[in-house]
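Numbering (my numbering), first residue to last: 83 to 406.
For every residue, glycine included, the Cβ atom is placed at its ideal position computed from N, Cα and C.
All of these numbers come straight from a predicted model, not from anything done at the bench.
This report concerns only the one structure given below.
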Amino acid sequence: MSTGQVFGTLKYKPYNIIIKMEPETLKKRLLSKYPNLSSVALKEIHESNNNKVFSCWDFIIKVSQDKDNLKNEFEYLRLLEGKWKFPKPISYDIENDDHILIMSKLCWVGLDYLWHEFDENEKNQILKDIVHHVKTIHSINIPSWIEVDYSKIIELNFYKNLQVVLLNPNVTEREVHLIKNEIEKYKSCFNDSSLSLVHNDLWYKNILIEDKKLTGIIDFELGFYWPIELDFFRLLHHKISVINYEDKFPVHYEELDFLDSLMKIIKLDYPQLVKKITSEQIYIYNLQSYFLKLSRHNETWYNHEEVMNFKNKYCKRVALEDLI
Numbered sequence: 083m084s085t086g087q088v089f090g091t092l093k094y095k096p097y098n099i100i101i102k103m104e105p106e107t108l109k110k111r112l113l114s115k116y117p118n119l120s121s122v123a124l125k126e127i128h129e130s131n132n133n134k135v136f137s138c139w140d141f142i143i144k145v146s147q148d149k150d151n152l153k154n155e156f157e158y159l160r161l162l163e164g165k166w167k168f169p170k171p172i173s174y175d176i177e178n179d180d181h182i183l184i185m186s187k188l189c190w191v192g193l194d195y196l197w198h199e200f201d202e203n204e205k206n207q208i209l210k211d212i213v214h215h216v217k218t219i220h221s222i223n224i225p226s227w228i229e230v231d232y233s234k235i236i237e238l239n240f241y242k243n244l245q246v247v248l249l250n251p252n253v254t255e256r257e258v259h260l261i262k263n264e265i266e267k268y269k270s271c272f273n274d275s276s277l278s279l280v281h282n283d284l285w286y287k288n289i290l291i292e293d294k295k296l297t298g299i300i301d302f303e304l305g306f307y308w309p310i311e312l313d314f315f316r317l318l319h320h321k322i323s324v325i326n327y328e329d330k331f332p333v334h335y336e337e338l339d340f341l342d343s344l345m346k347i348i349k350l351d352y353p354q355l356v357k358k359i360t361s362e363q364i365y366i367y368n369l370q371s372y373f374l375k376l377s378r379h380n381e382t383w384y385n386h387e388e389v390m391n392f393k394n395k396y397c398k399r400v401a402l403e404d405l406i
């Protein structure tokens, strides 16, 4: 059955209201919108804070309450189409305030399921292939109609979270003022960086494997046109999370091994990604992460002591380059 037969004609509509929907209700909505779908074949395979993901035949269907993430992913996949085995974008649509992205399904098993099965040579080859295709992602130039000033993005992110942070009972106005001053002081530290499309979530769950070979990189919804160093910083923050949650969960040796190994291969095979990284850049990236954590104080996972531990370990300029 062709894509047109299944999904019909799709069109763009302006975003209006964010809604939340139970999985079964959402499934019924999809079956109503696309009557040629099979109710048996349509299966929910993933749920996160941002979206729900369904599999149906050779398609992946993402449905989100976020007004930007799936539209962005659709546009990035269009730019990457034909450059390698990235998912092929089929359509992006808004229907009754549901944001729906449809793309091709890749043959896959997530690397997180298989990493422990590979020997060192097999791991090394997979990592080299990942880095090769990260370069492909970074080769996507910023469209001429998009202006990127990352210093302004840093500033906008601060003000976007400011009001929520001020409601955090553990945070003083003095602390907020100090953060504001530091952001103002260092927000321009990425001005000399190369700007391109970045994936921004190269976690091993987003790496697909078949027959011990890399077959795809997925989940571009967090991507953006940013300094390329941010892909490395995101890996660094995954590593920080693994290390600092060892006291709460079983030690994630495999995940830590993957992150350390990938970062080492990047340094060897993609030195231009890391050679210009400065302590100021790491500092401002970590400071933004700290401020974002403060803004999440109403969420069930929030622990202010842990947030302060992050600040004390990773928001000081001294010796930050040792993290690289």
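- request: Go ahead and label residue 151 buried or exposed: buried means 16 or more other beta carbons lie within 10 angstroms of its beta carbon, across all protein chains shown.
  value: So residue 151 counts as buried.
CA nearest to the CA of residue 305, picked from 219, 145 and 385: Residue 219 is the option with its Cα nearest to residue 305.
task: Tell me, please, whether the segment 177–192 touches the segment 311–326 by the rule of three or more beta-carbon pairs shorter than 8 Å.
output: No: the two stretches stay apart, fewer than three of their Cβ pairs being nearer than 8 Å.
query: Quick one: what's residue 277 bridged to in DSSP?
result: For residue 277, which the question treats as bridged, DSSP gives the partners 309.
query: In terms of alpha-carbon separation, which member of 147, 291 and 303 lies closest to residue 171?
result: Comparing Cα positions, the closest option is 303.
Selection from 351, 148, 243 and 126 that minimises the alpha carbon distance to residue 142: Minimum Cα-Cα distance from residue 142 among the listed residues 351, 148, 243 and 126 corresponds to 126.
- prompt: What number of angstroms, rounded off, separates the C-alpha of residue 159 from the C-alpha of residue 361?
  reply: So the two alpha carbons sit approximately 33 Å from each other.
task: List the endpoints of the continuous alpha helix (DSSP H) containing residue 188.
output: Membership of residue 188 in any alpha helix (DSSP H) is not indicated, and neither H nor E is assigned to it by DSSP.
- prompt: Considering only the beta carbon of each residue, do residue 261 and residue 373 sit closer than 8 Å?
  reply: When the beta-carbon positions are compared, residue 261 and residue 373 come within less than 8 Å of each other.
field: 6 Å Cβ shell around residue 233 - same chain, five flanking residues per side excluded
entry: Counting only residues of its own chain and dropping the five nearest sequence neighbours on each side, residue 233 has a CB closer than 6 Å to the CB of 269 and 270.
field: Spatial neighbours of residue 31 in its chain, beta-carbon cut-off 8 Å, leaving aside the 5 residues before and after
entry: Because the chain spans 83 through 406 in this model, residue 31 falls outside it and cannot be assessed.
task: Per DSSP, which residues does residue 180 bridge with? Please list them.
output: Beta-bridge pairing links residue 180 to 177.
- request: Specify, as a first and last residue, the run of the alpha helix (DSSP H) that residue 295 falls within.
  value: Per DSSP, residue 295 lies in no alpha helix (DSSP H) segment; the continuous beta strand (DSSP E) that holds it begins and ends at 295–299.
- request: Please state whether DSSP places residue 353 in a helix, a strand or coil.
  value: Of the three classes helix, strand and coil, the one that applies to residue 353 here is helix, per DSSP.
- request: On the DSSP bridge assignment, give the partners of residue 376 in chain order.
  value: Note: residue 376 is not bridge-paired with any residue in the DSSP secondary-structure output.
With 16 other Cβ atoms within 10 Å as the buried cut-off, status of residue 276: Classification of residue 276: exposed, given that the 10 Å Cβ count is below 16.
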